[in-house]
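Comments concern the structure below.
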């Protein structure tokens with residue numbers, strides 16, 4: 001796991017800037033995440049505490065998170081005991097992945113009380129627990145651990161807080177050479193290469209142990225173990241280990257990320273000499289973790305929230321593709337309707353040659369230039385005249401169905417395009433966007449409205465707005481679902497604003513506000529249109545742009561569908577680094 005005790009130590013050191021800060025607002029955007037807005041040292045800061053089983057973390061964040069209309073119970077508990085409070089201390093438990101926030105607050109009676117938020121960054125066992133530090137009693141945890149789950153420690157209101165089981169490892173910050181050598185000898189031959197460091201010292205991940213061996217230019221210590229002697233190679237490992245720990249003890253960090261020899265993307269609070277590809281360095285561990293975890297965690301949370309929507313949309317799309325295939329088969333048959341009319345005409349002209357009970361008849365086709373004979377199948381239960389009428393009925397049926405088939409094929413194609421657009425929007429959606437996509441499907445009659453007495457209605461019909469600021473300081477609005485697209489294009493934008501969209505590719509509506517802007521803004525807006533489209537991974541993506549006054553929605557069209565004219569086309573290759581560098585906000 002990339003997040004080890006060393007990363008945790010660097011986080012706690014960086015977060016000392018929050019000590020003395022006052023907590024203004026707390027909200028819980030998902031089942032595992034808590035967002036704390038606070039003011040400290042003259043500035044507003046946003047702190048994320050995440051007990052996500054896949055991406056647990058604590059760091060300062062610039063990312064915007066939705067504030068649910070109805071706060072979960074744990075969030076309301078934190079608001080009651082911590083909002084308005086002052087952070088007095090932020091500490092780490094030894095070198096473990098446990099961080100404690102001590103908070104002083106005045107209660108309803110004006111008395112000063114202390115609370116402690118404990119964040120355990122333990123993979124799938126991660127948790128956020130509110131504790132009374134004077135008694136050790138738990139108020140609650142974001143994830144409950146009942147006695148049936150664990151007999152060692154229970155995370156439930158009223159139970160005493162118990163730390164995770166101790167591993168009885170050495171503290172690497174306080175490492176002595178004799179303890180280091182003793183741990184190495186104790187590891188024995190069964191522990192190959194660098195992993196003995198992980199077993200001997202708390203807070204060390206396999207990644208850091210491997211880095212220490214890399215710095216010591218030692219790939220395998222099996223030969224050293226067999227000799228049972230303190231070899232020059234072991235001395236090199238000790239030197240690399242002690243030098244790294246000295247930097248960590250003095251909080252000398254160099255946050256970075258990159259790909260290791262196996263192609264796996266990793267990050268670290270210390271410089272990794274063994275990483276040679278996709279290297280990025282960061283001014284802070286928070287910036288590093290935000291870049292490494294932010295998008296992954298959001299996509300993971302959205303994926304959980306949208307699993308039912310994805311399944312529904314994919315099923316609807318498959319049904320419409322099958323329907324279109326069947327209609328195309330019917331069209332081929334209907335386009336062959338002329339042969340039924342000819343068969344009927346030939347039968348009428350040759351009634352004297354046919355008797356009831358005949359199963360087929362061979363007649364000269366007078367409509368054919370070469371006048372070849374043709375075999376016509378008959379129903380033996382019908383008279384010759386009735387057989388002729390049967391062919392005329394088939395002819396009329398297929399002739400009339402041609403218009404209906406064309407109409408149904410057009411509906412099916414539009415439906416497939418609409419559903420593919422929604423699937424593309426889900427790929428880029430935030431949690432707020434997902435709720436709006438669900439609301440749109442309810443409005444369009446695809447889904448039933450969820451029942452529930454406590455369901456709150458929106459105060460207004462304005463959807464979430466994603467606003468980017470270009471390098472020239474111009475506002476660029478991006479619609480990430482159809483409700484946002486409709487609002488941005490049809491209600492927010494003015495006649496002389498510029499509208500952009502990928503050409504013939506499902507994607508976001510993008511609007512540049514104002515008539516005065518430069519090439520840089522136009523290029524960045526086109527980048528946004530290409531990035532938030534189905535062609536995100538493509539190169540030379542065509543992006544149309546025109547004035548809003550040339551864009552309109554046809555009557556009865558699906559949400560988000562527009563037609564436009566007098567457009568010009570740019571070709572851009574989406575640049576994720578550029579997109580992420582643009583200041584953005586959610587309104």
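Residue numbers (the UniProt record's numbering): 1 to 587. Glycine is no exception: its CB is placed at the ideal position from the N, C-alpha and C atoms.
Local conformation of residue 95 per DSSP, three classes: Coil.
Close beta carbons around residue 582, own chain, < 6 Å, minus the five adjacent residues each side: Same-chain partners within the cutoff: 468.
Residue 157 burial status per 10 Å Cβ neighbour count (16 or more: buried): With a threshold of 16 other beta carbon atoms within 10 Å, residue 157 falls short and is exposed.
Under the three-state DSSP convention, the category residue 122 falls into: Looking at residue 122 - three-state DSSP - the assignment turns out to be coil, as it is neither helix nor strand.
Contact between the region 510-530 and the region 366-382 (3+ Cβ pairs under 8 Å): These segments do not touch.
Rounded C-alpha distance that separates residue 14 from residue 291: Residue 14 and residue 291 have their C-alpha atoms spaced approximately 16 Å apart.
Residue 532 beta carbon less than 8 Å from that of residue 480: Closer than 8 Å, so yes.
Per-residue burial, residue 453 [other beta carbons within 10 Å of its own, 16 or more giving buried]: Model confidence at residue 453 stands at a pLDDT of 43, short of 50, so the residue's coordinates are unreliable; what they give is reported in the following sentence. Exposed is the call here.
Touching by the beta-carbon criterion (3+ pairs, under 8 Å), the region 11-28 and the region 200-219: By the Cβ criterion, the region 11-28 is not in contact with the region 200-219, since fewer than three pairs of Cβ atoms, one from each stretch, lie closer than 8 Å.
Span separating the alpha-carbon of residue 593 from that of residue 109: Nothing about residue 593 can be read from this structure; the chain reaches only from 1 to 587.
Proximity of residue 101 and residue 28 at Cβ, strictly below 8 Å: In this structure, residue 28 does not lie closer than 8 Å to residue 101 by Cβ.
Boundaries (first-last residue) of the beta strand (DSSP E) holding residue 591: The shown model of the chain, from 1 to 587, leaves out residue 591, and the question about it has no answer.
Limits of the unbroken beta strand (DSSP E) element including residue 539: Looking at the DSSP string, residue 539 is not in any beta strand (DSSP E), and its letter there is neither H nor E.
Straight-line gap, residue 154 to residue 147 (C-alpha atoms, nearest Å): Taking the straight line joining both Cα atoms gives about 6 Å.
Inside the region 318-370 only - alpha helix (DSSP H) runs reaching at least 4 residues: Fully enclosed alpha helix (DSSP H) runs of 4 or longer: 338-349.
C-alpha distance - residue 193 paired with residue 206, whole-angstrom precision: Computed Cα separation, rounded: 10 Å.
With 16 other Cβ atoms within 10 Å as the buried cut-off, status of residue 115: Residue 115 counts as buried, since no fewer than 16 other beta carbons sit within 10 angstroms of its beta carbon.
DSSP three-state assignment for residue 26, whether helix, strand or coil: Residue state for residue 26 is assigned as strand, using DSSP reduced to three classes.
Cα-Cα separation between residue 149 and residue 142, rounded to whole angstroms: If you take the alpha carbons of residue 149 and residue 142, they lie about 15 Å apart.
Per-residue burial, residue 151 [other beta carbons within 10 Å of its own, 16 or more giving buried]: Around the C-beta of residue 151, fewer than 16 other C-beta atoms lie within 10 Å, and the residue is accordingly described as exposed.
Beta-carbon proximity check, residue 574 vs residue 527, cutoff 8 Å: It is a contact, given that the beta carbons lie within the stated cut-off.
Unbroken beta strand (DSSP E) run spanning residue 59, endpoints: Unbroken beta strand (DSSP E) run through residue 59: 57-60.
Meets three-Cβ-pair contact criterion under 8 Å: the region 285-302 and the region 254-269: Cβ pair count under 8 Å is three or more, so yes.
Residue 438 classed as buried or exposed, judged by whether at least 16 other C-beta atoms fall within 10 angstroms: With 16 or more other Cβ atoms within 10 Å, it is buried.
Residue range of the beta strand (DSSP E) that includes residue 274: Annotation: residue 274 is outside any beta strand (DSSP E) and is labelled neither H nor E by DSSP.
Complete beta strand (DSSP E) runs within the region 475-539 (minimum length 3 residues, chain order): Runs of the beta strand (DSSP E) inside the region 475-539: 475-478, 498-502 and 510-512.
Continuous beta strand (DSSP E) stretch holding residue 585: start and end: Boundaries of the beta strand (DSSP E) harbouring residue 585: 584-586, taken from the DSSP string.
Delimiting residues of the alpha helix (DSSP H) encompassing residue 180: It spans 177-187 - the alpha helix (DSSP H) in which residue 180 sits, taken as one unbroken run.
Limits of the alpha helix (DSSP H) - the one that residue 208 falls within: Element bounds for residue 208: 206-215.
For residue 545 and residue 565, the rounded distance between their alpha carbons: Cα to Cα, the separation comes out at about 9 Å.
Three-state secondary structure (DSSP) of residue 4: Residue state, collapsed to three classes: coil.
Between the CA atoms of residue 400 and residue 406 - distance to the nearest angstrom: Cα-Cα distance, rounded: 11 Å.
Neighbour-count burial assignment, residue 217, 16 or more Cβ in a 10 Å radius: Per the 10 Å Cβ criterion, exposed.
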